[in-house]
Structures are given as C-alpha cells and as structure tokens.
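A.B. asks: Starting off with a structure, shown below.
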Amino acid sequence: MSTFNCCPPLLQANSGANSNGSQFFITCAKCDWLDNKHVVFGRVLGDGLLVMRKIENVATGPNNRPKLACVINECGEM
C-alpha cells in the first residue's frame with residue numbers, strides 16, 4: 001500500500017536526499033508519484049480535517065489561486 005493513499009497525510013517537503021527543511025504540505029488526493037520522495041510524519045485528524053476540506057473546496061481562478069483568502073489564525077502550537 002502506498003504511503004500517499006491514506007488521506008490526508010502530512011509531509012515534509014524536500015528537494016532531494018538529505019534536504020528536509022521546515023516546509024510541510026498536505027495532500028488531498030492520491031499521489032503515487034510522491035512515494036519514496038517525501039517523509040510522511042502524520043495525518044490530519046478531527047476538526048482539522050473539516051477545516052482542510054473547507055479550504056480544499058474554495059473556488060479557484062487563474063493559475064489555480066483561491067478566489068477567497070484562506071486564513072488560519074488562533075491555531076495553537078504543536
């Protein structure tokens with residue numbers, strides 16, 4: 001089973017071997033092409049999943065940019 005088939009995983013971005021930094025991303029769909037390229041270290045659960053789905057469903061315009069501002073505040077700390 002692919003690590004990117006579980007939805008939605010939380011991943012650490014990188015640009016190649018030994019380059020993990022402070023950029024993170026969440027996938028909203030199956031992404032087989034990312035297997036063995038990024039570190040999966042968690043997934044979105046509970047209320048966070050509802051927030052993520054609402055953001056995912058915001059209409060987009062040119063260049064796939066959201067038509068509405070998506071701002072997350074008072075989100076707490078990890």
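Going by UniProt numbering, the sequence shown runs without a break in its numbering and finishes at 78. Ideal Cβ placement from N, Cα and C applies to all residues, glycine included.
For the alpha helix (DSSP H) containing residue 43, name the first residue and the last one.
C.D. replies: Here residue 43 is taken as the residue at index 43 of the sequence shown, counted from 1. Counting along the chain, residue 43 falls outside any alpha helix (DSSP H), though it belongs to the beta strand (DSSP E) covering 39 to 43.
A.B. asks: Please state whether DSSP places residue 68 in a helix, a strand or coil.
C.D. replies: The count along the sequence shown starts at 1 and reaches residue 68 at position 68. If DSSP states are grouped into helix, strand and coil, residue 68 belongs with coil.
A.B. asks: Sort 57, 51, 62, 37 by Cα distance to residue 75 and report the nearest one.
C.D. replies: Start at 1 with the first residue of the sequence shown, and residue 75 comes out as number 75. The candidate whose alpha carbon is nearest that of residue 75 is 51.
A.B. asks: Based on the DSSP secondary-structure assignment, which residues constitute the bridge partners of residue 10?
C.D. replies: Translated into the one-based positions of the sequence shown, residue 10 becomes position 10. Residue 10 is bridged to 26, 42.
A.B. asks: In chain order, what residues of the same chain lie with their CB nearer than 7 Å to the CB of residue 43, ignoring the 5 residues before and after it?
C.D. replies: Along the sequence shown, read from residue 1 onward, the residue named residue 43 stands at position 43. So the list reads 6, 8, 9, 10, once near-sequence residues are dropped.
A.B. asks: Leaving aside the five residues before and after residue 23 along the sequence, list all residues of the same chain whose C-beta is less than 6 Å from its C-beta, in chain order.
C.D. replies: Residue numbering aside, residue 23 sits at position 23 when the sequence shown is read from its first letter. 13, listed in sequence order.
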